[in-house]
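Trainee: This note's numbering numbers the first residue of the sequence shown as 28 and each following residue consecutively.
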Amino acid sequence: MTATRSPLHAGDLSPNPSRALRTPPYAAGVHRREPRILIDATAVPADRGGVGRYVDSLLAALDADGTRTAVACQPRDAELYSTIAPHTEVVPAAESVATRTARLAWEQTTLPRLVRRLGVDVLHSPHYTTPLANPVASVVTLHDATFFTDPALHSPVKARFFRAWTRTALRRATLCVVPSEATASELARTVGADRGAIQVMFHGVDPDRFHPPSPAEVQAVRDRLDLFDQPYVAFLGALEPRKNVPALIRGFTLACQGRSDAPALVLAGQPGWDTRVERALMSVPHRIRVIRAGYLPFSQLAGFLGGAHLVAYPSVGEGFGLPVLEAMACGAAVLTTRRLALPEVGGDAVAYCGVGAGDIAAGLTELLDDPARRAALAEAAQRRAKEFTWAACAAQHRDAYARADHVHRNRR
Numbered sequence: 028m029t030a031t032r033s034p035l036h037a038g039d040l041s042p043n044p045s046r047a048l049r050t051p052p053y054a055a056g057v058h059r060r061e062p063r064i065l066i067d068a069t070a071v072p073a074d075r076g077g078v079g080r081y082v083d084s085l086l087a088a089l090d091a092d093g094t095r096t097a098v099a100c101q102p103r104d105a106e107l108y109s110t111i112a113p114h115t116e117v118v119p120a121a122e123s124v125a126t127r128t129a130r131l132a133w134e135q136t137t138l139p140r141l142v143r144r145l146g147v148d149v150l151h152s153p154h155y156t157t158p159l160a161n162p163v164a165s166v167v168t169l170h171d172a173t174f175f176t177d178p179a180l181h182s183p184v185k186a187r188f189f190r191a192w193t194r195t196a197l198r199r200a201t202l203c204v205v206p207s208e209a210t211a212s213e214l215a216r217t218v219g220a221d222r223g224a225i226q227v228m229f230h231g232v233d234p235d236r237f238h239p240p241s242p243a244e245v246q247a248v249r250d251r252l253d254l255f256d257q258p259y260v261a262f263l264g265a266l267e268p269r270k271n272v273p274a275l276i277r278g279f280t281l282a283c284q285g286r287s288d289a290p291a292l293v294l295a296g297q298p299g300w301d302t303r304v305e306r307a308l309m310s311v312p313h314r315i316r317v318i319r320a321g322y323l324p325f326s327q328l329a330g331f332l333g334g335a336h337l338v339a340y341p342s343v344g345e346g347f348g349l350p351v352l353e354a355m356a357c358g359a360a361v362l363t364t365r366r367l368a369l370p371e372v373g374g375d376a377v378a379y380c381g382v383g384a385g386d387i388a389a390g391l392t393e394l395l396d397d398p399a400r401r402a403a404l405a406e407a408a409q410r411r412a413k414e415f416t417w418a419a420c421a422a423q424h425r426d427a428y429a430r431a432d433h434v435h436r437n438r439r
């Protein structure tokens, strides 16, 4: 099957990892047909944050696995998806889906008609929202439960929006997908979600993008950031309250007190709405260097993460924690927290600390003073990261699609 760009636009409907692989109990001995899938990727942001990496990598792995798939996407992503998923039918939506309001309107009105015209069996909505009038089986990905457990970590509008849609998806979707046991447990605890209607499947990591870097890759990042020969502690993620960046800055400042060879702290990622970051930066002494790197291109992330003395990710709660896994794959020694899903990702291959500035300072100090410990963690991290593959994630999604199709047909 050759790559196809469908004429069915939104505004024109004319002609482990291995140990995490779990088969639902009902499936034993049951023969199920292979359904055709439509993935709605129109919610994927242009900057390719965690949701974008999940959708892109899943789609490529499903395509390589031979899944019968179509993808609806923003026009800007049509060429990308035709390249990474050459056997998948690519359906560019109209330009009118560029804003969140327009995309939601398209999702509720045009997407159900697109489902019918394409003749698919399952619609996968990979980011909380889904059509209320979907005529086929529906699978919805819910990435985390912090909108319920820690609503202050999000803007009030965002928290209300995603709480409402999480409840709607749990009530109306045939099956919901979550990336960790922690997320499934929190949804069951906070909103009474039926664990039987939730399937846990870990994300993977792309070894072509995230790998122990070459000296040239490390040097390219150093040159970009004007680091010269100075060692550095890396952070990768949006500067939003959940990532706990102000406490990281304060903890880093404490850890650098009295050090003649203090590293720099490099904050890489899109700016968020955490106004405390600026206040924390203003309190950093002049002799301590903190660099706001902003968004780094994918081509430089391996050099950035793998070239660091260590990667610090003191998040107060994650549905999965993709930056931790990506840093591990790059051979970095990682310091993170035990909040929610992070231990499921890091296991014994990362170091842990609390979320307060003093706790972070203690964790940083211990690792900065112990090169042997950092080396041991880096080696263990690379081994563990290899257990998380997008191929395994795609296999679990195929099972979820077949399960949803089976349940939907038996309900009719």
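The beta carbon of each residue, even a glycine, is placed where N, CA and C say it ideally should be.
May I have a chain-ordered list of the alpha helix (DSSP H) segments no shorter than 4 residues that lie completely inside the segment 242-327?
Mentor: With a minimum length of 4 residues, the continuous alpha helix (DSSP H) runs that stay inside the segment 242-327 are 242-252, 272-283, 303-309.
Trainee: Can you look up A378 in the DSSP assignment and give me helix, strand or coil?
Mentor: Taking the sequence shown and counting its residues from 1, the one referred to as residue 378 is at position 351. Of the three classes helix, strand and coil, the one that applies to A378 here is strand, per DSSP.
Trainee: What number of angstroms, rounded off, separates the C-alpha of A359 from the C-alpha of A265?
Mentor: As a first step, residue 359 must be located in the sequence shown, where it is residue number 332. As a first step, residue 265 must be located in the sequence shown, where it is residue number 238. About 19 Å.
Trainee: Using C-beta distances below 7 Å, list every residue in its chain close to L332, excluding the 5 sequence neighbours before and after it, in chain order.
Mentor: Residue 332 sits at position 305 when you count from the first residue of the sequence shown. Excluding positions up to five away in sequence, the list reads A261, L263, V338, E353, A354, C357, A359.
Trainee: Tell me whether the beta-carbon of F347 lies closer than 8 Å to the beta-carbon of S207.
Mentor: Residue 347 sits at position 320 when you count from the first residue of the sequence shown. Residue 207 sits at position 180 when you count from the first residue of the sequence shown. Against a cut-off of 8 Å, the Cβ pair of S207 and F347 comes out as a contact.
Trainee: Check the DSSP bridge columns for P206 and list the partner residues they point to.
Mentor: Here residue 206 refers to the residue found at position 179 when the sequence shown is read from its first residue. DSSP lists no partner for P206.
Trainee: What does DSSP give as the partner residue(s) for H151 in the beta ladder?
Mentor: Residue mapping note: residue 151 aligns to position 124 of the sequence shown, counting from 1. DSSP lists I66, V166 as partners of H151.
Trainee: Per the contact definition of three or more C-beta pairs closer than 8 Å, is the segment 359-379 in contact with the segment 277-295?
Mentor: No, they do not touch.
Trainee: Work out the CA separation of P312 and V227 for me, nearest whole Å.
Mentor: Translated into positions along the sequence shown, residue 227 becomes position 200. Translated into positions along the sequence shown, residue 312 becomes position 285. Spanning the two alpha carbons is a distance of roughly 45 Å.
Trainee: Nearest CA to the CA of A291: which residue from A429, R400, Q257?
Mentor: Along the sequence shown, one-based indexing puts residue 291 at 264. Nearest C-alpha to A291: Q257.
Trainee: What does DSSP give as the partner residues of V232 in its beta bridges?
Mentor: Within the sequence shown, the letter at position 205 stands for residue 232. None; V232 has no bridge partner.
Trainee: Tell me whether the beta-carbon of E345 lies closer than 8 Å to the beta-carbon of D171.
Mentor: For the purposes of this step, residue 345 is taken as the residue at position 318 of the sequence shown. For the purposes of this step, residue 171 is taken as the residue at position 144 of the sequence shown. For E345 and D171, yes; Cβs fall inside 8 Å.
Trainee: Give the single residue among G330, W192, A224 whose Cα lies nearest to the Cα of V245.
Mentor: Numbered from 1 along the sequence shown, position 218 holds the residue referred to as residue 245. Looking at the Cα atoms, G330 is the closest of the given residues.
Trainee: Do T173 and P153 come within 8 Å of each other at the CB atom, strictly closer than that value?
Mentor: Counting from 1 along the sequence shown, the entry for residue 153 is found at position 126. Counting from 1 along the sequence shown, the entry for residue 173 is found at position 146. No.
Trainee: Along the chain, where does the beta strand (DSSP E) that runs through L138 open and close?
Mentor: Numbered from its first residue, the sequence shown carries residue 138 at position 111. Run containing L138: none in the beta strand (DSSP E); it sits in the alpha helix (DSSP H), 127-145.
Trainee: Between which residues of its own chain and D104 is the CB-CB distance below 7 Å, once the five residues before and five after are set aside?
Mentor: In the sequence shown, counting from the first residue as 1, residue 104 sits at position 77. The residues are A68, V71.
Trainee: Compare the beta carbon distance of A431 and A88 with 8 Å and say whether it is the shorter of the two.
Mentor: Numbered from its first residue, the sequence shown carries residue 431 at position 404. Numbered from its first residue, the sequence shown carries residue 88 at position 61. No, these two residues do not count as a Cβ contact at 8 Å.
Trainee: Assuming contact is defined by CB atoms lying nearer than 8 Å, are A408 and A376 in contact in what I supplied?
Mentor: As a first step, residue 408 must be located in the sequence shown, where it is residue number 381. As a first step, residue 376 must be located in the sequence shown, where it is residue number 349. Closer than 8 Å, so yes.
Trainee: Could you say which of V248, S84, P102, D221 lies nearest to R198 if we only look at CA atoms?
Mentor: Position 171 of the sequence shown, counted from the first residue, corresponds to residue 198. The option with the nearest alpha carbon to R198 is D221.
Trainee: Check for me: the beta strand (DSSP E) holding A97 runs from which residue to which?
Mentor: If you number the sequence shown from 1, residue 97 lands on position 70. Run containing A97: 96-100, per the beta strand (DSSP E) assignment.
Trainee: Helix, strand or coil: which one does DSSP assign to T217?
Mentor: In the sequence shown, counting from the first residue as 1, residue 217 sits at position 190. DSSP places T217 in helix when its eight states are reduced to three.
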